[in-house]
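Beneath this line is the structure, given in structure tokens, with notes to follow.
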Amino acid sequence: MESAIEVKDLAKNYGEITAVDHISFEVRKGEIFGFLGPNGAGKTTTIRILTGVIRPDSGTATIMGYNVLKEPLKAKQIISVVPEMANAYIDLTAWQNLMLIGELYGVPKKERQETARHLLKEFGLYERRNHLVRGFSKGMKQKLILCMALMTEPQVLFLDEPTSGLDVESARLIRDTIRRYNEDGTTVFLSTHNMQEANKLCDRIAIINYGKIATVDSPENLRMESSSLKSVEVSFNKPVLANELSKILNVTETKKIGDKIRLYTNKPHNVINSLMDYTRSKSLMIVSLNTLAPTLEDVFIKLTKEHGKD
Amino acid sequence: MVEQQFLEQLKRAFAIAKKDLRIYYKRGPVVIFGLIMPLFLFLAFSIGRSMPMEQLFTGLLGMTIFFSSMSIGPAIVPFEARSGTLERLVSTPVSIWAIFIGDVTASFIYGLLISTVPVTIGLFLGVNITHFLILCSGIILAAFCFASFGILLSAYPPTDVPSTVMMISNLVKFPLIFISGVFIPIHGWGRIIASISPLTYFIDLVNYCIQGTSYYSVILDFAALTGFTLLFLIAAVKIHEKTLPERLH
Ligand SMILES: Nc1ncnc2c1ncn2[C@@H]1O[C@H](COP(=O)(O)OP(=O)(O)OP(=O)(O)O)[C@@H](O)[C@H]1O
Ligand SMILES: [Mg+2]
């Protein structure tokens, strides 16, 4: 058994809306697998199916060989979840929340207490352990929810946008923790709409939109594929023909957008230099200049176009 | 193996019960429906009427158990669905039935604890309890029965608005009080209507333990309460299992 998660032909509709559209993929043991997609792509729905919260309309999913529909308890026993919505019990203390989760996974009392103490210290919540979660800040809640997920030693850890809305430092702490558990052998399934985050953490990334997976590849390969989607947007004090600018070296495509011209390129730096030369030679003035990273939507559209062919 | 798993799940159900007790019984409405409401109704019925002490005690005990065992049960599931903690629970390795047994257990324990109040009052006032052990068994059984009933009441419709469920459960609770002969002994064909209420059998049992006379036999009272308990419990788990996906939508 090589794969930690195996998904075949999974689908889920909400009335008219197709949240997940017959997707299949596989997550290898020991890898950090990124599920990257814009809002409404179907990330949360997929995670809720895999963690046994909702049933799919069709398809199968196994986790470490356990079918999540037929042996839900066995599958749930070896996974942990950091769900999208903060949902610790706000009327319990941090400590009581951790004890509850430990009990629900059948962790013996002594071990429960030790793990909780250790985790709370690590995440800087130990001093607040006997406070009600009601009074916690968003970041503190999110850290506690991660602690709850780590009360067992999960074989597969699901995280649904674990760093969204957190400050830089908290986000880094969470990323470091994910990496460390992964090094110790935990397979990680991470959903995010943040490309940088996926690049930094993941071994492989699935790009999902409109409930469909466009591609599954390493961050490096995805970067190469999408690098031609970088662009420079410029406007001048006098009208300039877009055609004129397409002659600049390294520019693959130009587009007129309002009074601005967008130049697609994989070398924005060089293009900016050439633009400077151009303005000088034509005695123009640059009014605005921006470099744009490819949006997820761009990458997705490019990839679906390409992968739709084969 | 199967037994071991069953016991393990029961243990986890107790963890859920502990959580419920910690969270929900600190709340205002719980205290109101568990303690103040029975007292209120008790006063409404008893003031200005010369009722024998025994009859007053029976009424107070019956109402207290009925209200306290059902005070928060109906609100637990809608409340958890709303706050997102239900989703968290469902993603842990706990069977659906164990989650609901946990909720029933919490209601049961609360009902049992609160019922010691009227029993103590009764003993102080010199109510003569002839069959103390039978009374205790009856209290335990009744508390479990009403706790299951409370969880059943929230099973359908699968709303996540606690106040809606509370309204439904009050619509069911009050008529039951009136048909069960809590304060006014029921005669004639009122008995036929009374026989559909589980509370009737508990009141009958208490009458036996204190006054030595009862309408039904003790065995029948116990059998009826057990029957109602099983019915409520199984229906609660089955219907909740059915409606749970809609709550997690
Ligand atoms: N309970 C629900 N009822 C109706 N529609 C739903 C429900 N849950 C999800 N959807 C729809 O399914 C689609 C996918 O939603 P999902 O929450 O999986 O997206 P997501 O990728 O997690 O987005 P985000 O980045 O915003 O969290 C969306 O169009 C959403 O409106
Ligand atoms: Mg989501």
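If you're matching them up, the sequences are chains G and D in order. The numbering of the first sequence is the working numbering, which starts it at 1 and goes up by one. The numbering of the second sequence is the working numbering, which starts it at 1001 and goes up by one. C-beta: ideal position from N, C-alpha, C; glycine also. Values in this document were obtained by computation on a predicted structure and should not be read as measured data.
Please list, in chain order, all residues of the same chain as residue i whose beta carbon is under 6 Å from its beta carbon, the five residues on each side excluded.
| i | result |
| --- | --- |
| Y89(G) | N97 |
| F1183(D) | F1045 and G1059 |
| A1106(D) | A1017, D1020 and L1021 |
| P1162(D) | A1075, P1078 and F1079 |
| G308(G) | Here G308(G) scores only 48 on pLDDT, less than 50, and its place in the model should not be relied on; the value that follows carries that caveat. Contacts found: none. |
| D310(G) | Its pLDDT being 42, under 50, D310(G) is placed unreliably in this model, and the value from its coordinates should be taken loosely. Contacts found: none. |
| I290(G) | The identity of residue 290(G) in the sequence shown is Asn, whereas the question assumes Ile. Closer than 6 Å at Cβ, skipping near neighbours: E233. |
| N162(G) | Before going on, a small fix: residue 162(G) reads as Pro here, not Asn. Correct list, in chain order: V82 and I174. |
If you reduce the DSSP assignment to three classes, tell me which class residue i lands in.
| i | result |
| --- | --- |
| Y264(G) | strand |
| N182(G) | helix |
| A171(G) | helix |
| K282(G) | coil |
| A41(G) | coil |
| L166(G) | coil |
| E153(G) | coil |
| G1048(D) | coil |
| S986(D) | In the structure displayed, chain D extends from 1001 to 1249; residue 986(D) sits before or after that span and is not available. |
| F1124(D) | helix |
| F1222(D) | helix |
| A1017(D) | helix |
| F1144(D) | helix |
| H22(G) | strand |
| G1150(D) | helix |
| N67(G) | strand |
| S1163(D) | helix |
| L10(G) | strand |
| E111(G) | helix |
| D310(G) | Confidence at D310(G) is low in this model, with a pLDDT of 42, below 50, so the placement of that residue should be treated as unreliable; the coordinate-derived value is given next. D310(G): coil per DSSP, three-state reduction. |
How about residue i and residue j: are their beta carbons less than 9 Å apart?
| i | j | result |
| --- | --- | --- |
| V156(G) | I5(G) | yes |
| M1063(D) | F1042(D) | yes |
| L275(G) | S231(G) | no |
| N243(G) | T254(G) | yes |
| L1233(D) | F1066(D) | no |
| I23(G) | L190(G) | no |
| L1086(D) | V1094(D) | no |
| L132(G) | D91(G) | yes |
| A116(G) | M99(G) | yes |
| L104(G) | R1247(D) | no |
| N237(G) | I205(G) | no |
| I101(G) | L146(G) | no |
| V81(G) | A149(G) | yes |
| L1225(D) | L1125(D) | no |
| F1149(D) | P1198(D) | yes |
| E84(G) | I54(G) | no |
| V1090(D) | G52(G) | yes |
| S218(G) | N194(G) | no |
| C1145(D) | F1100(D) | no |
| F158(G) | L144(G) | no |
| H1240(D) | I1096(D) | yes |
Might you give, ordered along the chain, the residues of its own chain that have their beta carbon closer than 8 Å to the beta carbon of residue i, omitting 5 neighbours on each side?
| i | result |
| --- | --- |
| A19(G) | K12, N13, G42, T45 and G211 |
| S1214(D) | D1204, L1205, N1207, Y1208 and D1221 |
| E26(G) | S3, I5, E6 and V7 |
| Y126(G) | R117 and L120 |
| G1122(D) | F1057, L1060, L1061 and I1129 |
| D1103(D) | I1016, A1017, D1020, G1073, I1076, V1077 and I1151 |
So which residues on chain G does residue i lean against when the C-beta distance must stay under 8 Å?
| i | result |
| --- | --- |
| T1200(D) | Residues of chain G passing the Cβ test: none, with the nearest at roughly 36 Å. |
| C1092(D) | Checking the displayed sequence, the identity of residue 1092(D) turns out to be Thr instead of Cys. Neighbours of T1092(D) on chain G, chain order: K76, I101, L104 and Y105. |
| K1019(D) | Y89, L92, Q96 and L100 |
| E1087(D) | R48, V53, P83, M85 and N87 |
| P1245(D) | I54 and R55 |
So which residues on chain G does residue i lean against when the C-beta distance must stay under 7 Å?
| i | result |
| --- | --- |
| I1023(D) | Y89, D91 and L92 |
| A1015(D) | L100, E103 and L104 |
| L1248(D) | V53 and I54 |
Can you name, in chain order, every residue of its own chain whose Cβ lies under 7 Å from the Cβ of residue i, other than the five neighbours on each side?
| i | result |
| --- | --- |
| P294(G) | S226, L229 and K230 |
| A1194(D) | I1179, S1180, G1181, I1186 and T1200 |
| R1088(D) | none |
List the residues of chain D that residue i touches, going by C-beta distances under 7 Å, in chain order.
| i | result |
| --- | --- |
| M85(G) | G1084 |
Could you tell me which chain D residues have their CB closer than 9 Å to the CB of residue i, listed as they occur along the chain?
| i | result |
| --- | --- |
| L73(G) | Q1005, Q1009, P1093, V1094 and S1095 |
Along chain G, which residues have their Cβ under 9 Å away from the Cβ of residue i?
| i | result |
| --- | --- |
| R1012(D) | E103, L104, Y105 and G106 |
| L1176(D) | Going along chain G, no residue has its Cβ under 9 Å from L1176(D), so there is no contact; the nearest lies around 30 Å. |
Counting by C-beta, which residues lie closer than 7 Å to a heavy atom of ligand 2, in chain order?
Those residues that have a beta carbon less than 7 Å away from any non-hydrogen atom of ligand 2 are, in order along the chain, K43(G), T44(G), E84(G), D160(G), E161(G) and S191(G).
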